[in-house]
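Visitor: If you count the sequence shown from 1, you need to add 209 to reach the working numbering.
For each residue, glycine too, the CB sits at the ideal point set by N, CA and C.
Would you mind keeping the following structure in view while I ask a few things?
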Amino acid sequence: MKKAMTNIVKSSKININNLGEDNIMKQNLRLSKSEKEIMDKFWENEGEFTCTELVDASPDRSWRKASAYLLINSLLEKGFIEVSGFRKSTKNYARTFKAKFSYEDYAIKVIMASSTDDNIRKLIYKLINEATLEELEEMKEIIEKARGKYE
Numbered sequence: 210m211k212k213a214m215t216n217i218v219k220s221s222k223i224n225i226n227n228l229g230e231d232n233i234m235k236q237n238l239r240l241s242k243s244e245k246e247i248m249d250k251f252w253e254n255e256g257e258f259t260c261t262e263l264v265d266a267s268p269d270r271s272w273r274k275a276s277a278y279l280l281i282n283s284l285l286e287k288g289f290i291e292v293s294g295f296r297k298s299t300k301n302y303a304r305t306f307k308a309k310f311s312y313e314d315y316a317i318k319v320i321m322a323s324s325t326d327d328n329i330r331k332l333i334y335k336l337i338n339e340a341t342l343e344e345l346e347e348m349k350e351i352i353e354k355a356r357g358k359y360e
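As structure tokens, then:
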């Protein structure tokens, strides 16, 4: 079932090849609450941020402003973000960072790494049973596209 799920994932818009698999698997895909809040900003905006911009964009943060650089460095080490360039900030230049993969890619990796074939099957059934008609139509298109690879 994992192989089938992987094939479905590969046929959709989710790109599991960009996940920096070695780094992520070493960290067991775990993020602290503060790291998750920062990653949510990257995933929501799909853009580049300097450390200062992340602090400014996070007024309801649970982490202290002084911890921002430590959290950024932790996410860099874990392979969740990467340096994407530099931006002039007053007199100096600041590094900009971007997510290395989407939230959807992350969620799929977490599910695939922590589930048995039977649990994945149950999850798929649950998703199908709770989906709207529009979502079912989209799933049908993904399944038909995946099925075309085998014919």
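So what does DSSP say about Lys354, is it helix, strand or coil?
Guide: As a working mapping, residue 354 is identified with position 145 in the sequence shown. If DSSP states are grouped into helix, strand and coil, Lys354 belongs with the helices.
Visitor: Alpha carbon to alpha carbon, what distance is there between Thr261 and Gly288?
Guide: As a working note, residue 288 is residue 79 in the sequence shown. As a working note, residue 261 is residue 52 in the sequence shown. Going from the Cα of Gly288 to the Cα of Thr261 covers about 20 Å.
Visitor: What residue from Glu257, Leu238, Gly256 and Leu263 has the CA that sits closest to Glu246's CA?
Guide: In the sequence shown, counting from the first residue as 1, residue 246 sits at position 37. Nearest C-alpha to Glu246: Leu263.
Visitor: With 16 as the cutoff for other CB atoms within 10 Å, does Thr259 come out buried or exposed?
Guide: For this step, residue 259 is matched to residue 50 along the sequence shown. Residue burial is scored here from C-beta neighbours: Thr259 has at least 16 other C-beta atoms within 10 angstroms and is therefore classed as buried.
Visitor: Spell out a yes or no on whether the stretch 319-337 and the stretch 297-309 are touching, meaning 3 or more CB-CB pairs, one atom from each, closer than 8 Å.
Guide: Using a Cβ-Cβ distance cut-off of 8 Å, the stretch 319-337 and the stretch 297-309 are not in contact, since fewer than three pairs of beta carbons, one from each stretch, lie closer than that value.
Visitor: Within this structure, are the beta carbons of Glu257 and Phe310 separated by less than 9 Å?
Guide: For the purposes of this step, residue 257 is taken as the residue at position 48 of the sequence shown. For the purposes of this step, residue 310 is taken as the residue at position 101 of the sequence shown. No; because the gap between Cβ atoms is not below 9 Å, this pair is not in contact.
Visitor: According to the neighbour-count rule (16 or more other Cβ atoms, all chains shown, within 10 Å of its Cβ), is Leu279 buried or exposed?
Guide: As a first step, residue 279 is located in the sequence shown; it is residue number 70 there, counting from the start. So Leu279 counts as exposed.
Visitor: Over what stretch of residues does the beta strand (DSSP E) that includes Ser324 continue unbroken?
Guide: Residue 324 sits at position 115 when you count from the first residue of the sequence shown. Note, Ser324: premise wrong, no beta strand (DSSP E); not H, not E.
Visitor: Per the DSSP calculation, Tyr302 is bridged to which residue(s)?
Guide: Counting from 1 along the sequence shown, the entry for residue 302 is found at position 93. Bridge partners of Tyr302: Lys297.
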